[in-house]
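Everything on this sheet refers to the single structure shown next.
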Amino acid sequence: MTVRSKRKIFKTRISKERKMSSSNSNKMSRRDFLKLAGTTAGAMAYLTACGQSGGGGGAAGPDLTSGESIPLDDLIAAAKAEGELTTIALPHDWANYGEMLETFKTKYGLTVNELNPDAGSADELEAIRANKESKGPQAPDVIDIGVAHTETAMKDGLVAKYKNANWDTIEMKDPDGYWWAEYYGVLVFEVVKPDIVESPKDWEDLLRPEYKGKVAMAGDVLKSNQSVQTVLASGLSRTGGDITKAAEAGLQFWKEMNESGNFIPVIADQGRIAQRETLIVMEWDYLALANRDSLAGNPELEIIVPETGVLAGPYAGGISAYAPHPYAARLWWEFVMSDEGQNIYLKGYAHPIRFNDMAKRGVIPQEMLDKLPPAAAYEKAFFPTIAQLTETKTYITENWRRVVFGE
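To convert, note that position 186 of the sequence shown is 169 in the working numbering; the numbers rise steadily by one, no gaps.
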């Protein structure tokens, strides 16, 4: 498992298109159109371009302005005309995205251009900003970011609204459709055995002297949502669950971890874990469990849900407001948020956000349910609000180096 900077510690396009499309449509003769329409794909590409610029939908292509779900047959046809989807920050071993991407490509016959699998949430938003005027291969269509980053995405106008067909069964979302939770996990301790004889059971245990030089995070706090949440979780443990004091308490905890020498500021990726360089790692449960399976006992990993400070972290999906392939982007989310896509997450140990609805309808295979950790371990899970996540993320990232490293 390569740990993404989610692990790796680590005017609008529409106005431009309207101008271009209006100019082109006035100049394009019937002869030119017939040349373009020499293939079905060519005709559809032209109609799709008109539909995007006009925003009215109808015969010119499905409407992109309403934010409502597009009928699947129409969406598939428009996406196939585009022919491609550009993703970012989707490592194949994160939440089973490898299978998700391959299934999508096989199902719909689209090419998928995968940008920077190790990018963090902040990197994803910056990629949209940097490519606002570009429809080239470096411009992402879709993003997968920590929920704490959604406020910035909306405030900066980086995401487009879209309510997929399963919208009503998504339990955490923006009411207007600018983002929605896809899956979630809780932070766990990933412990290499038998190197660590006595495994930590809670956050304070990490300060034991026998853990000197053995504890690492799975990302850069300044870029990685997962690592920001690691700091927050340790603070929740220290404050007895008081979110208003958790960010400051978490920074103090990691200051002590750094001063004791227990914390080593490296990125704990699969290679370091396999080589026993990082013996205790904090990671989302779905990543740790998948890592345990992939390493297959070499080394043996013990996955522990801490006794306190059990923090749940959802990730949010979105569509770039400047997406070069807006229909393919929407088709991606129709697939990911379908029963099929949500079960692919679960197969990779990520808890699909539509789990409750799917469980009630009996569409989750029993063998998947049998592989999950005991439900009792998750009973104390705390789900922060968007406002809490945003406030704590800002405080932690702005003060991380000053408090922890004295810079």
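Backbone N, C-alpha and C define an ideal beta-carbon position, used for all residues, glycine too.
Contact between residue 272 and residue 332 holds: their C-beta atoms lie close to 4 angstroms from each other, under 8 angstroms. A straight-line Cα-Cα distance of about 21 angstroms links residue 66 and residue 110. Under the DSSP assignment, residue 219 falls in the alpha helix (DSSP H) whose first and last residues are 208 to 221. Proximity of the region 168 to 183 to the region 273 to 292 meets the contact definition, three or more beta-carbon pairs being nearer than 8 angstroms. Burial state of residue 293 is buried, judged by a 10 Å Cβ sphere holding 16 or more other Cβ atoms.
Of 225, 388 and 207, the smallest CA-CA separation from residue 72 is found for 207. Sequence-distant Cβ neighbours of residue 198 in its own chain, meaning closer than 6 angstroms and more than five residues away, are 189, 245, 246 and 263. Annotation for residue 357: no beta strand (DSSP E) segment contains it, and DSSP assigns it neither H nor E. Residue burial annotation: residue 325 is buried, with at least 16 other C-beta atoms found within 10 angstroms of its C-beta. In this structure, the alpha-carbon of residue 179 lies about 29 angstroms from that of residue 384. Residue 63 sits close to residue 93, with the two beta carbons spaced by under 8 angstroms. The count of Cβ pairs closer than 8 angstroms, one atom from the region 300 to 314 and one from the region 140 to 152, reaches three, so the stretches are in contact.
Look at residue 241 here: in three-state DSSP terms it is helix.
If you look at residue 123, you'll find it isn't in any beta strand (DSSP E); DSSP assigns it neither H nor E.
Using a C-beta cut-off of 8 angstroms, the region 113 to 123 makes contact with the region 304 to 311, since at least three inter-stretch Cβ pairs fall below that distance.
Contact annotation: the region 238 to 258 does not touch the region 132 to 140, with fewer than three C-beta pairs closer than 8 angstroms. When the alpha-carbon of residue 185 is set against those of 291, 338 and 323, the nearest one is in 291. Annotation: residue 383 is outside any beta strand (DSSP E); the continuous alpha helix (DSSP H) that includes it extends over 369 to 388. Under the three-state reduction of DSSP, residue 297 is assigned to strand.
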